[in-house]
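J.: The structure is given below, and queries will be raised subsequently.
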DNA sequence: TGGCTCATGTAATCTGTTACATGATTCT
DNA sequence: AGAATCATGTAACAGATTACATGAGCCA
């Protein structure tokens, strides 16, 4: 196993860029950032409040964002806006090659060790997986339809569209695989 | 945003089960476990030495594995074997529904924020992604060919095969998407 | 002899989640 | 009135990586 090579400049914290990226489109509150992570970025990125709020403070201290009180009456609201410096910081990161793409699929882990569980037990996990994928695919298809209408007028939407299309391609492949896997396991499961 | 509901029994550490699962097939050293993670499990799970060795010790303390000195001359080697209790522990986990499947794709993050980087810059990330996928696909296809020959005689191989086929389906979908995305961005990039 | 692979392990550190704490507003 | 949502934040903890430390065996 070759020596894990030294990471020159690598492995910067990604949440900073995820947040900066979201703010590059429009000013947002921490709460709204969390919502974006749960919807638009949901399929390939996530973060909890417990990491979003502290990161926002650090980003401000570093001069990458500015904050503004946008409270409505007594309802507290702090909107963050990206600065020129923050944009530069984001752009620099966008320029460097991708360090890591990774998936952590418990479903595949349970599948890989399927012998211990048997064909029937493993089948259940695949069926559950299939159902989740079906739900997510529906949502993605809806957003593709919407984004297609504005991809030529709003530059950002082209990139959102490509991301959503990635999801559609991927999830459709998952479903095709589910069919094959289910058939194979049903043959064994008796 | 609905209250994140309380996790009754959930969110057990997964590395324990990944290791127990590998040991359910055959006794292995910590070093060999790492190798499996870098090859067979590579596409959906990973771990470093810094988490494998300590976990192995805990697993032994808990009675889920036993260790045996299998040194060759002065070359230290400690092989771990799963116990009946360990098998039971693994089986119980395999029975419960999957908690989380997640992907963390930096490539998609950089794509999503493509406006800041421009079509040409974003294209580079896709080309790099495509190349990596091509390499991995080749390896996966080779293992599918091998596993197909033994899926009916060796039960475990059926599950390895299904996992590898998942990878093939997924990666083929990625490549199809790369084509579409590249074409779209090339149209913009001038 | 030098470099790679085999082999184990620990300490410092990083990153992030979970659970808690608090409170306003809106919807039914 | 009560539930859900909007909204911010912190402390404790979990989980894992990275870098370091150490050394044997093998191959060119």
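Residue numbers (our numbering), protein chains in the order written: chain A, 1 to 190; chain B, 1001 to 1190.
Using N, Cα and C, we set each Cβ at its ideal position, and we do this for glycine too.
Keep in mind it's a predicted model, so treat the numbers as computed, not measured.
(1) What is the residue span of the alpha helix (DSSP H) that residue 186/A lies within?
(2) Have a look at residue 1057/B and residue 1034/B and give me their C-alpha separation to the nearest angstrom.
(3) Could you tell me the distance, in whole angstroms, from the CA atom of residue 153/A to the CA atom of residue 147/A?
(4) Counting beta carbon pairs with one atom in the stretch 1159–1176 of chain B and one in the stretch 1111–1118 of chain B, are three or more of them shorter than 8 Å?
(5) Rounding to the nearest angstrom, what Cα-Cα distance links residue 51/A and residue 70/A in this structure?
(6) Does the beta-carbon of residue 1128/B have 16 or more other beta-carbons within 10 angstroms, so that it is buried, or is it exposed?
(7) Is DSSP giving residue 55/A helix, strand or coil here?
(8) Helix, strand or coil for residue 206/A per DSSP?
(9) Going by CA-CA distance only, name the one from 182/A, 90/A and 110/A that's closest to residue 1098/B.
(10) I want to verify the contact list: residues of chain A whose CB lies under 8 Å from the CB of residue 1184/B, in sequence order.
(11) Are at least three pairs of beta-carbons, each pair with one atom in the stretch 1117–1127 of chain B and one in the stretch 117–125 of chain A, less than 8 Å apart?
(12) What is the residue span of the beta strand (DSSP E) that residue 1062/B lies within?
(13) Does the stretch 1066–1080 of chain B come close enough to the stretch 1012–1032 of chain B to have 3 or more Cβ pairs within less than 8 Å?
(14) Check for me: the alpha helix (DSSP H) holding residue 16/A runs from which residue to which?
(15) Residue 1028/B bridges to which residues according to DSSP?
(16) Measure the alpha-carbon distance for residue 1076/B versus residue 1031/B and round it to whole angstroms.
(17) Does residue 69/A get closer than 8 Å to chain B when you measure Cβ to Cβ?
(18) Nearest chain A C-beta to residue 1016/B closer than 8 Å, yes or no?
(19) What does residue 179/A touch in chain B if you count any residue whose Cβ is under 7 Å from its own?
(20) Pick helix, strand or coil for residue 1072/B, following the three-state DSSP scheme.
(21) Name the chain A residues whose beta carbon is nearer than 9 Å to that of residue 1087/B?
(22) Between 1060/B, 1090/B, 1072/B and 1187/B, which has its C-alpha nearest residue 155/A's C-alpha?
(23) Examine chain A for any beta-carbon lying closer than 8 Å to the beta-carbon of residue 1144/B, and answer yes or no.
(24) For residue 166/A, which residues in the same chain have their Cβ closer than 7 Å to its Cβ, ignoring the five residues on either side in sequence?
(25) Following the continuous alpha helix (DSSP H) through residue 1138/B, name the residue where it begins and the one where it ends.
(26) Measure from the alpha carbon of residue 182/A to the alpha carbon of each residue in 1106/B, 1145/B and 1158/B, then state which is nearest.
(27) What does a CB cutoff of less than 6 Å around residue 179/A pick up in its chain, not counting 5 residues either side in sequence?
(28) Select from 41/A, 12/A, 22/A and 20/A the residue whose C-alpha is nearest the C-alpha of residue 143/A.
(29) Checking contacts by CB at 8 Å: is residue 123/A closer than that to chain B?
(30) Let's test the definition: count the other Cβ atoms within 10 Å of the Cβ of residue 164/A and tell me whether it reaches 16, buried, or not, exposed.
(31) Determine the contact status of residue 1066/B and residue 1015/B, defining contact as a CB-CB distance below 8 Å.
(32) Are the Cβ atoms of residue 1044/B and residue 103/A separated by less than 8 Å?
(33) On the DSSP bridge list, what partners appear for residue 1102/B?
(34) Distance check for residue 64/A and residue 18/A, CA to CA, integer angstroms please.
T.: On the basis of the supplied data:
(1) Its alpha helix (DSSP H) spans residues 155–188.
(2) Taking the straight line from one Cα to the other gives about 15 Å.
(3) Going by C-alpha positions, residue 153/A is about 10 Å away from residue 147/A.
(4) Taking a cut-off of 8 Å on C-beta distances, the stretch 1111–1118 of chain B does not touch the stretch 1159–1176 of chain B, as fewer than three cross pairs fall below it.
(5) Distance between the alpha carbons of residue 51/A and residue 70/A: 21 Å.
(6) So residue 1128/B counts as exposed.
(7) DSSP places residue 55/A in helix when its eight states are reduced to three.
(8) Chain A is shown from 1 up to 190; residue 206/A falls before or after that span and cannot be answered.
(9) If we check each option's Cα against that of residue 1098/B, 110/A comes out closest.
(10) For residue 1184/B, the chain A residues whose Cβ falls inside 8 Å of its Cβ are 158 and 162, in order along the chain.
(11) With a cut-off of 8 Å, the stretch 117–125 of chain A and the stretch 1117–1127 of chain B do not count as touching, because too few Cβ pairs lie within range.
(12) For residue 1062/B, no beta strand (DSSP E) run applies, since DSSP gives it neither H nor E.
(13) Cβ pair count under 8 Å is three or more, so yes.
(14) From DSSP, the alpha helix (DSSP H) with residue 16/A extends over 14–25.
(15) DSSP output for residue 1028/B lists 1080/B as bridge partner(s).
(16) Looking at the two C-alpha atoms, the distance is approximately 11 Å.
(17) Closer than 8 Å: no.
(18) Interface flag for residue 1016/B against chain A is unset, since no Cβ pair is found closer than 8 Å.
(19) Think of a sphere of 7 Å around the beta carbon of residue 179/A: no beta carbon from chain B falls inside it, the nearest being about 10 Å out.
(20) Of the three classes helix, strand and coil, the one that applies to residue 1072/B here is strand, per DSSP.
(21) Chain A residues near residue 1087/B: 116.
(22) Distances from the alpha-carbon of residue 155/A to those of 1060/B, 1090/B, 1072/B and 1187/B put 1187/B closest.
(23) Chain A contact via Cβ: absent.
(24) Within the same chain, residue 166/A has no close Cβ partners at all.
(25) Taken as a continuous stretch (DSSP letters only), the alpha helix (DSSP H) holding residue 1138/B covers 1114–1148.
(26) Ranking 1106/B, 1145/B and 1158/B by Cα distance to residue 182/A puts 1158/B first.
(27) Within its own chain, no residue has a Cβ closer than 6 Å to the Cβ of residue 179/A once the five positions on either side in sequence are excluded.
(28) Checking every option, the nearest Cα to that of residue 143/A belongs to 41/A.
(29) No, residue 123/A does not count as interfacial toward chain B.
(30) Buried, because 16 or more other Cβ atoms sit within 10 Å of the Cβ of residue 164/A.
(31) Residue 1015/B is positioned such that its CB atom lies no closer than 8 Å to that of residue 1066/B.
(32) Pairing residue 1044/B with residue 103/A gives a Cβ-Cβ distance under 8 Å.
(33) According to DSSP, which records beta bridges pairwise, residue 1102/B is partnered with 104/A.
(34) Roughly 13 Å between the two C-alpha positions.
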